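Remarks on the structure that follows.
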Amino acid sequence: MSENQSNANEWQACPQGEMGRLVVGLRGKRRTRQSMVIGGTASAVIVLLLVGNFAINKMQSPEMADLACHDVESMADKYVSGKLGPAETEHVRLHLENCRRCREKIAKLQKGKADGDVALRRAWQLRQHESRAFAGL
Numbered sequence: 001m002s003e004n005q006s007n008a009n010e011w012q013a014c015p016q017g018e019m020g021r022l023v024v025g026l027r028g029k030r031r032t033r034q035s036m037v038i039g040g041t042a043s044a045v046i047v048l049l050l051v052g053n054f055a056i057n058k059m060q061s062p063e064m065a066d067l068a069c070h071d072v073e074s075m076a077d078k079y080v081s082g083k084l085g086p087a088e089t090e091h092v093r094l095h096l097e098n099c100r101r102c103r104e105k106i107a108k109l110q111k112g113k114a115d116g117d118v119a120l121r122r123a124w125q126l127r128q129h130e131s132r133a134f135a136g137l
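For the sequence shown, the UniProt record's numbering assigns the number 137 to the last residue and increments by one with no breaks.
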């Protein structure tokens with residue numbers, strides 16, 4: 001009995017190539033584990049980028065009140081001049097509340113219209129003044 005216990009506690013030489021196979025197996029497991037971690041991280045980053053891109057695109061081109069930016073752009077002149085119907089005006093107004101880009105374009109158009117209106121009023125006043133001046137001659 002003591003002889004079997006002493007034999008079990010003795011170290012024995014490994015068969016030829018056993019340590020090499022063990023090292024290769026452990027390296028393979030490590031590579032697999034690293035690949036899974038890297039792949040999972042890369043997948044998570046890609047999903048976050050796609051979700052972020054989708055959210056940003058929705059914010060930049062809102063389709064609020066059933067209008068997309070290109071719809072608002074096509075109605076911009078009529079909106080600024082007050083020639084849209086009440087329902088269309090409300091749709092454009094709702095879109096402008098949520099779309100900075102369209103708001104800025106409409107503001108530029110309104111400024112241009114205001115500048116044009118001032119010039120037109122001045123020309124009309126000048127014409128009236130000239131008419132009065134000629135009438136007095």
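Glycine is no exception: its CB is placed at the ideal position from the N, C-alpha and C atoms. All of these numbers come straight from a predicted model, not from anything done at the bench.
For a test of the three-state rule: what should DSSP assign to Cys102, helix, strand or coil? The residue given as residue 102 occupies position 102 in the sequence shown. DSSP places Cys102 in helix when its eight states are reduced to three.
Quick check on His95: buried or exposed, where buried means 16 or more other Cβ atoms within 10 Å of its Cβ? Locating residue 95 in the sequence shown gives position 95, counting from the first residue. Label assigned to His95: buried.
Alpha carbon of Arg127 to alpha carbon of Gly116, nearest angstrom: As a first step, residue 127 must be located in the sequence shown, where it is residue number 127. As a first step, residue 116 must be located in the sequence shown, where it is residue number 116. If I take the Cα positions, the gap works out to 16 Å.
Is Asp77 near Leu109, with beta carbons less than 8 Å apart? Here residue 77 refers to the residue found at position 77 of the sequence shown. Here residue 109 refers to the residue found at position 109 of the sequence shown. A contact, by the Cβ cut-off of 8 Å.
For Pro15, which of helix, strand or coil comes out of DSSP? Here residue 15 is taken as the residue at index 15 of the sequence shown, counted from 1. In this structure, Pro15 counts as coil in the three-state DSSP scheme.
Could you check what DSSP says for Lys83 in three-state terms: helix, strand or coil? Start at 1 with the first residue of the sequence shown, and residue 83 comes out as number 83. Residue state, collapsed to three classes: coil.
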